[in-house]
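J.: Okay, here's the structure, questions in a sec.
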Amino acid sequence: IACCLCGHTELHGFTGQEKNAYRFIAQKLNDTLPELMLSVEPNTTCTPQSAAIWWLTEQSDSPSDQVLVTQYALAVLFVSWNGLYWKNNSRWLTTYPFCSWEGITCSGNNEIVVEEIVLYEQNLTGTIPADMPELFPSLRVLDLSRNELVGSVPQMLPPNVSDIGLANNMLGGSLPASWSNLTE
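Structure follows, in structure tokens:
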């Protein structure tokens, strides 16, 4: 995953066992969240999605389906927003529980449901993934203010988002009508 963050466009040297692990995880993600429509064939192109799956193949535990999807989703964000260069990426993509990662607040049984992502002024770069609604269905707060995000304002948000901060980025486009119930 670090190779993808350092400007490489391809990953090389995977064993048959690692490729099988990739297939297994991609299929499990597809079974749990079919909207993702991930290819189960190992992808060596450095996309946030493929880098996240490769990272998951390196983890030693066998998490529940919900934990696997959440780990995948957060890894996609980390790669999408160039996490190695954040001001504080404390605990991200480590063996610490993801609910203890910088800017992440969880709830639910065993605290496995991400409810808040607050990465205010963290030097995020890149675009906001279009699949945020599928990846974070329980998200209530999304604060990405004062970063260097580019691209269009997302047209869809996770269904439970009631508070969003996107100010002081380089996002374009108009705010969708569906955002009328949000707080500033």
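All letters in the sequence shown, in the order written, are residues 3 to 186 by my numbering. By construction, the Cβ of each residue, glycine as well, lies at the ideal position given by its N, Cα and C atoms. Remember, it's a predicted structure, so these values are computed and weren't measured experimentally.
Would a C-beta distance cut-off of 8 Å place PRO50 and VAL81 closer than the cut-off?
T.: Yes; because the gap between Cβ atoms is below 8 Å, this pair is in contact.
J.: For the beta strand (DSSP E) containing ASP145, list its first residue and its last residue.
T.: Residues 143-145.
J.: Pick out the complete alpha helix (DSSP H) segments inside the stretch 77-124, 4 residues or longer, and give them in chain order.
T.: Whole alpha helix (DSSP H) segments, 4+ residues: zero.
J.: In the DSSP assignment, what residue or residues form a beta bridge with GLY167?
T.: DSSP, once it has assigned bridges, lists ASP145 as partnering GLY167.
J.: Is the stretch 134-143 close to the stretch 85-95, with three or more CB pairs under 8 Å?
T.: No, they do not touch.
J.: To the nearest angstrom, how far is the alpha carbon of LEU159 from that of GLY175?
T.: In a straight line, the C-alpha of LEU159 is about 15 Å away from that of GLY175.
J.: If you pair each beta-carbon of the stretch 146-156 with each one of the stretch 61-79, do three or more pairs fall below 8 Å?
T.: Flag = no, the stretch 146-156 and the stretch 61-79 do not touch.
J.: Judging by CA-CA distance, which residue of GLN124, SER109, ASN125, LEU126 is the nearest neighbour of GLU118?
T.: When each option's Cα is compared against that of GLU118, the closest is SER109.
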